[in-house]
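*Asks:* In this note's numbering, each residue carries its 1-based index in the sequence shown increased by 31. The beta carbon of each residue, even a glycine, is placed where N, CA and C say it ideally should be.
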Amino acid sequence: MLTERVLRETDLFELKSQPTHFLSYGQKKRVALADILVVSPEILAMDEPLAWVDPRHERELLGLLDRFKSQRKTMICSTHDPDFAFAWSERVVILKEGTVLGEGEAETIMQKRDLLLEAGFDLPKVVRLAFELGIDSLPRSLDELLYAVRK
Numbered sequence: 032m033l034t035e036r037v038l039r040e041t042d043l044f045e046l047k048s049q050p051t052h053f054l055s056y057g058q059k060k061r062v063a064l065a066d067i068l069v070v071s072p073e074i075l076a077m078d079e080p081l082a083w084v085d086p087r088h089e090r091e092l093l094g095l096l097d098r099f100k101s102q103r104k105t106m107i108c109s110t111h112d113p114d115f116a117f118a119w120s121e122r123v124v125i126l127k128e129g130t131v132l133g134e135g136e137a138e139t140i141m142q143k144r145d146l147l148l149e150a151g152f153d154l155p156k157v158v159r160l161a162f163e164l165g166i167d168s169l170p171r172s173l174d175e176l177l178y179a180v181r182k
């Protein structure tokens with residue numbers, strides 16, 4: 032059964048009989064994502080998907096989002112996490128108090144330190160490290176950064 036499989040994939044099977052008001056914030060996020068995976072919409076809108084999620088479940092959530100992304104579905108996400116935005120986005124829009132400060136391809140926008148600072152962010156960690164190490168190619172993940180360092 033699809034629902035049971037998704038509950039297992041989201042590490043929620045043991046909690047399936049638990050009322051949602053007893054669940055932690057991170058567990059509630061996983062319940063919402065499990066629901067989305069069962070319904071399989073063409074567009075997924077998320078608000079701060081990684082907020083209040085512990086590191087173990089963050090990896091699981093990212094894996095589930097990977098699965099959604101691999102199906103070539105559209106994801107729209109608001110986040111205050113430049114690392115997540117850079118790693119997961121093809122395009123980004125930087126907002127400050129409802130005003131668009133910049134928008135475009137993630138590789139272009141997420142290396143504009145002045146723009147990010149104006150919006151209250153810093154460069155994504157992998158971008159900052161790549162600049163400090165003098166790496167020309169812009170890595171999107173820690174694995175890509177390590178690969179570039181080894182070259």
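Near V131, which residues of its chain fall below 8 Å by C-beta distance, leaving aside the five closest residues on each side in sequence?
*Replies:* Cβ neighbours of V131 beyond the five flanking positions: V124 and I125.
*Asks:* Are the beta-carbon atoms of A137 and E121 separated by less than 8 Å?
*Replies:* Going by C-beta atoms, A137 is nearer than 8 Å to E121.
*Asks:* Return the Cβ separation of A65 and L93 in integer angstroms, given the expectation that the two are a contact with Cβ distance under 8 Å.
*Replies:* That pair is no contact at about 15 Å.
*Asks:* Between V69 and T34, how many whole angstroms is the CB-CB distance? I'm expecting something under 8 Å.
*Replies:* That belief holds up - the Cβ atoms of V69 and T34 are roughly 6 Å apart, short of 8 Å.
*Asks:* In the DSSP assignment, what residue or residues form a beta bridge with D78?
*Replies:* DSSP output for D78 lists S109 as bridge partner(s).
*Asks:* Sort out for me which residues DSSP pairs I125 with in a bridge.
*Replies:* BP columns for I125 point to G133.
*Asks:* Need the endpoints of the alpha helix (DSSP H) that R103 sits in, please.
*Replies:* First-last for R103: undefined, no H or E at that position.
*Asks:* Since I believe P113 is in contact with M141 (beta carbons under 8 Å), could you give me their beta-carbon distance rounded to a whole number of angstroms?
*Replies:* Going by Cβ atoms, the distance from M141 to P113 rounds to 6 Å, so yes, they are a contact pair.
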